[in-house]
Every structure is written in structure tokens, then in C-alpha cells.
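Chemist: What follows is a structure written as C-alpha cells; I'll ask about it next.
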Ligand code: DLL
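Numbering (my numbering), first residue to last: 347 to 791.
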């Protein structure tokens, strides 16, 4: 049986870095998952908080868990569980056994703190190497890593994976965008890692500098950490002349490296030898059948320092186990459209910011930067969409352009928005995760 701390992988040009794992028949994958789930529950049983919850859910002993079907009997975890036990209360190991701590800031209150021991870091590097390889990165490639380094998992997570792959990693982090452009060109980067909004900001600054990154060595982009639309993918691909690959992850589960697209760009393969993926109804938490849209729930099968059981991600997606043309057998997550928390309900219509983004990207004379400002007018929510005109577009035509965009949003997304068209460069540019929504409803707005 494979161990969680597998030896450093070899590079293959076939399916995956571990073809025997990534194209494993699904029955064998299920057997491996069952065994790992049992081991996980045995480990959780050692933690009083988990044991009590497992007992409350009707589990008399870890051995009562016989198959993957029993998963549905087990309790969920949510973000506040980690916050309520800030900082290390849910860790399965004492702090002196850890090798690394990361945290995600969130918008309010205390950060969510996560920990890794050496074995966890080893698995993470391995999964990140698989993620990069799946996206098209290869040994020897120069990998320009513009994800933020620090408590955010993006920078260091990608870094370790690129090293494990045998690539040449350039640890740039976010910011100083003009310098990023020169480094991409001078070092001959073939792979770019960034949030999609920051990739767009890099493309824009390059164009302003008169540098055509389409002629650079860039061929593969690993973009993630925030929701983005298919329209935005095509925009970035055409402006940078690379294949833009979506990758998904979250600190509570590990960081980046949880799921990634292959060259088919048709759903993100979730690494099922280390995680269990479920989709549940966002309100009732009832398990949903494959193909139905709902909230993604993830269980870590091998994490040691901070194991997570049925973690409710609040991310909205759907799953498919249909065979992928790439030969990988692992389940695919069909594009994470956004978080439950980001979903706007405007006069009864549910809208994700990425749906507005898709309208803007296809619109002539508009630069695809945007911000949705929510205010309250009387008892009704009101949305103002701020966006930017393309350089060279006459300011006296901004108002008419705004009306046109408003009509398109109404006819395609179904909500009424006021559109304010701003001059080029007026909206703030992201250096990491873009802020798409400013909610002023609680501030008398
Ligand atoms: O964003 C980890 C990461 C880093 C993923 C680099 C990919 C690349 P957190 O800061 O904890 O971790 O934020 C996790 O970001 O629950 C989703 O809501 C969102 N998210 C991450 N990737 C995607 C994606 C990192 N590809 C939260 N599409 C998650 C849509 C994404 N949303």
C-alpha cells in the first residue's frame, strides 16, 4: 500500500507524476479511501472534541465505520470550529511536533490557523508537484510564482511543489508588477502562478510598458485562489498566449493542490487518494447525487497535524466521475462558481460576481476590472457596478456605455444594476485575491 509520505516522485510525461495513482481504477481508489478513512477516524477518536461528536453521531467505536457509505453518518466541521478553538485547539499534535503554521485572514475577527507536521508538508509538496504537472509544468521549467508568500498558503505551497517537480522556481510573490514583467521576460518563465485577477494586472502593465508577453516563453498559467469566469479565462489566454489552468484549494484542507484542471480544461481533478469530496444541499446538508450543484464538503484522509472531517467549504460546485480524456480517474469539480457567502441575492435573484464578470469581458470598449457596491434603498438592495473604459475610449461616451452594460446585465443575469464607467486605471488592481464586492448595506449606505 502507498504511504502518505511517498518518496519523491519521478517525472513522467504520461498521465501524472504518479500514473499508477492518478489513473487507478475507481474500485481500487475506493478501497484505498475506505482504509484511509478508517485510519482517520481512529486518529480523531484520540481527540476528545472529535470523539464526543462522533459518539453523538452514533458511532460506538471507530471500527463501526465499515464503508465509505457510512461517511454520511459522521458530523460536519465548519470554519467557526477552528475559530472557536483559536489558535491550536483542534490540532491533533502538540505545537512542538509541527513544522509550519499558516493562517487565512478572513474579513472579520480572528484568523483561521492551520498547522502541518513534516509528513504533511511532504504530502503537500507531492500533491503540488502533481498539480503543476497536471497543468502542464515540467521538470526544468522556469516557474514564476506571483502568489503571495507568507501566512497565505499560495506562495509557499506552489514553491514547494515546483521544487519537488524539479522545476526552477522564481519566488517573486505579489506586487511590484513592472518588475514582474521584466523578470518573466528576462528569466524565460514558461509557467506563471498567480490569482487570475493578478495575471490580468500583469498583462495590463506589460501592455502599458510596450512589452508583448504573447511573445514571451510563457505557456502555462496556474490561476486560482478566487472565482473566475470562462470568459476571463479566454481573455487571459489571449493576452498572455498561454493555457490558463484553474486550480483550487483552501487553507483549512491544505492550501493549493486540492484540485486542478488537466489540459482538457473540463473540470478540476480532485486528488482523491488524499481527500474525499462530497456535495451537499447548502441549506439542509443532505448529500446530493453526482452532477447536482451544491456545497462542496471535503475530508482530509491523510493529514496528521490538523485532520478535517467533512469540512463544509461554502464553495459551490458539482462533481463528475465520468472518465476524463486525459486518462485520470479522479473525480472532477466543475468550476467553483463562487462561495455561498459571495452570492448576492438581489430582489430574489441569486447572482455570483463571476456572472457579471462574464458579461463585462465580452463587452467592447470595457476593461474587465470591476467592483460591485451594495447599498440599501428603503427596504431594497441596490447594486452599483463600477467598471472601466478601455484606454482611448472617449469620456463623453461613458454614460451611454454604462446604459448598454446595464441592459446586457439585465438580459443575461436578470438583475438591475446602475453602471458607473470609470476612466482607465481608476479601479484598484489586485495583487492577490481581488475584492469584487463592497457591501455598504450595514453602514447606512
Ligand atoms: O486560496 C489556496 C489557494 C492558493 C488555492 C493558490 C489556489 C491557488 P484560502 O486563502 O484559504 O486558500 O482561500 C480558499 O478561496 O474556499 C474558495 O472560496 C476560493 N478559491 C480557491 N481557489 C479557487 C478557484 C487559497 N480555483 C477559498 N476557484 C476557497 C474559485 C477558489 N474559488
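From the three backbone atoms N, C-alpha and C, an ideal C-beta is built for every residue, glycine too.
1) For the 8 angstroms Cβ check, are there 3 or more pairs between the region 536-556 and the region 490-505?
2) Under 7 angstroms from any heavy atom of ligand 1, does the C-beta of residue 572 make it?
3) Under 8 angstroms between the Cβ atoms of residue 586 and residue 564?
4) Check the C-beta distance from residue 389 over to residue 653 and give it rounded, since I have them as a contact under 8 angstroms.
5) What are the start and end residues of the alpha helix (DSSP H) that includes residue 533?
6) Tell me the rounded alpha-carbon separation between residue 813 and residue 459.
7) Can you tell me where the beta strand (DSSP E) with residue 715 in it begins and where it stops?
8) For the beta strand (DSSP E) holding residue 599, just list the boundary residues, first then last.
9) Suppose contacts are defined by Cβ-Cβ distances below 8 angstroms. Is residue 510 in contact with residue 449 by that definition?
10) Quick check: does the Cβ of residue 685 come within less than 7 angstroms of any heavy atom belonging to ligand 1?
11) Are there any heavy atoms of ligand 1 lying less than 7 angstroms away from the beta-carbon of residue 426, as far as the coordinates show?
12) Considering only residues of the same chain and omitting the five flanking positions on each side of residue 494, which have a CB-CB separation below 7 angstroms?
13) Specify, as a first and last residue, the run of the alpha helix (DSSP H) that residue 702 falls within.
14) Quick check on the burial criterion: 16 or more other C-beta atoms within 10 angstroms. Buried or exposed for residue 780?
15) Report all residues from its chain with a CB closer than 6 angstroms to the CB of residue 748; omit the five preceding and five following residues, and keep chain order.
16) For residue 515 and residue 505, I'd like the C-alpha separation in whole angstroms.
17) Just to confirm the assignment: which complete beta strand (DSSP E) runs, minimum length 3, are found wholly within the region 386-469?
18) For residue 335, which of 477, 741, 770 has the nearest alpha-carbon?
19) Which residue or residues does DSSP assign as beta-bridge partners of residue 735?
Modeler: This is what the structure gives:
1) Touching, yes, given that three or more Cβ pairs across the two stretches are closer than 8 angstroms.
2) At least one heavy atom of ligand 1 is nearer than 7 angstroms to the Cβ of residue 572, so yes.
3) Their beta carbons are under 8 angstroms apart, which means residue 586 touches residue 564 by this criterion.
4) Rounded, the Cβ-Cβ distance is 6 angstroms, consistent with contact.
5) 523-533 is the extent of the alpha helix (DSSP H) around residue 533.
6) The chain is shown from 347 up to 791; residue 813 falls before or after that span and cannot be answered.
7) Run containing residue 715: 712-723, per the beta strand (DSSP E) assignment.
8) That residue, residue 599, is in no beta strand (DSSP E); it is neither H nor E in DSSP.
9) The beta carbons of residue 510 and residue 449 sit no closer together than 8 angstroms.
10) Yes, ligand 1 has a heavy atom inside 7 angstroms of this Cβ.
11) Result no, Cβ not under 7 angstroms from ligand 1.
12) Contacts found: 500, 501, 519, 520, 778.
13) Going by DSSP, residue 702 is part of the alpha helix (DSSP H) stretching over 699-707.
14) Label assigned to residue 780: buried.
15) Answer for residue 748: 765, 767, listed in chain order.
16) Taking the straight line joining both Cα atoms gives about 7 angstroms.
17) Unbroken beta strand (DSSP E) runs of no fewer than 3 residues, entirely contained in the region 386-469, are found at 446-450, 458-462, following chain order.
18) Absent from the model: residue 335. The displayed extent of the chain is 347 to 791, so no value can be given.
19) Note: residue 735 sits in a beta bridge opposite 712.
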